[in-house]
Amino acid sequence: MDRIPSLFSFSTLLLFILVLYKVSSAYGNAEGDALYALKIQLSDPNNVLQSWDPTLINPCSWNQVTCNNNNSVTRVINPSFCKVGIFPNRIHVNGFMLLATMRVVLLECKHMVIDPDLTNANLSGRLIPELGQLTNLEYLELYCNNISGKIPTELGELKNLVSLELYSNRLEGNIPDTLGNLKKLRFLYDFTSFRFSFNEISH
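See below:
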């Protein structure tokens, strides 16, 4: 008779562990799903991203992916990535989050410490308000592209932003007053030349 409760308790514990494992796997792979969404939008002629397998528990074993001790992604694609021929400039994953088609990547990878340098990459689209959720963003360098629309006021929420370069795009409207909240900003290039470098920004 004593074996029945013991067996029940063991079965319950086993079920709990299984459910916990499934929940942890689903959470851990949310970043993997987001990064895989980025992968399928990239040209990868040298198969640098071949190890990006969305069926793994988390993306920490993927090439070009760095994680912290909690298996959360902290950096994707280091500067040497420019050598593989995907784009002629430095590529960092969050640069693609600025386009509406990459909204899911933006929402799923909020704890990345990122420094996107996507200058002269022929990017087009609009800066989306959700960009303000990337509170660890330090460098946002998107000059000499074809980005259009207005600068989101939400950029003022990027408290860790050090450098902001948006000139030579097709932006319009006013420079948001919220940019005055960026206390760590050291480099601001070059809003005085917006009107003369394809942008129609007033300041």
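Residues -26 to -1, 1 to 177 (mature numbering (1 follows the signal peptide of the UniProt record, and there is no 0)) make up the sequence shown, in order.
We put the beta carbon where it would ideally sit given N, CA and C, even for glycine.
Buried or exposed: which applies to S142, given that a residue is buried once 16 or more other Cβ atoms fall within 10 Å of its Cβ? buried
Helix, strand or coil: how does DSSP classify L156 here?
-> coil
- Item | Rounded separation between S46 and E5 - CA only | 8 Å
Indicate whether at least one CB of chain C lies closer than 9 Å to the CB of C41. No chain C is present in this structure, which holds just one protein chain.
- Message: So, for S167: in the same chain, excluding its five sequence neighbours on each side, which residues have a beta-carbon less than 8 Å away from its beta-carbon?
- Response: For S167, the predicted structure reports a pLDDT of 39, less than 50, and the residue's modelled location is therefore unreliable. A value from the coordinates is still provided. Cβ neighbours of S167 beyond the five flanking positions: Y141.
| message | For N44, count the other beta carbons within 10 Å of its own beta carbon; 16 or more makes it buried, fewer makes it exposed. Which is it? | response | exposed
- List the whole-angstrom C-beta distance separating L153 from G130, where the pair is believed to meet the contact cut-off of C-beta under 8 Å. 6 Å
- request: Pull up the CB-CB distance for F112 and V136, whole angstroms please, since I reckon it's below 8 Å.
  value: Reading off the sequence shown, one finds Glu at residue 112, where the question assumed Phe. Rounded, the Cβ-Cβ distance is 5 Å, consistent with contact.
Notebook entry, point to check: Count the other CB atoms within 10 Å of the CB of N37; is the residue buried (16 or more) or exposed (fewer)?
Noted result: exposed
Would you list the residues sitting across from C41 in a DSSP beta bridge? V47
Closest to T109 by CA distance: which of L23, P33, E146 and K158 is it? K158
Buried/exposed call for P103, threshold 16 Cβ in 10 Å: exposed
Consult DSSP for S35 and reduce its assignment to one of helix, strand or coil.
helix
Exercise. Inspect the beta-carbon positions of I121 and G147 and report whether they are closer than 9 Å.
Key: no
#### Entry: Selected residue, minimal CA-CA separation from G119, among R160, L156 and R144
A quick correction: the sequence has Asn, not Gly, at residue 119. Considering only alpha carbons, the answer is R144.
Check your understanding: When you compare only the Cα positions, how much space is there between L30 and L105?
Key -> 27 Å
For L114, which of helix, strand or coil comes out of DSSP? strand
State the DSSP-derived secondary structure class of L132, mapped to helix, strand or coil. coil
*Please confirm whether K133 and L101 have their CB atoms less than 9 Å apart.*
no
Inter-residue spacing [alpha-carbon to alpha-carbon] between T127 and D151: 8 Å
With 16 other CB atoms within 10 Å as the buried threshold, where does N42 fall? exposed
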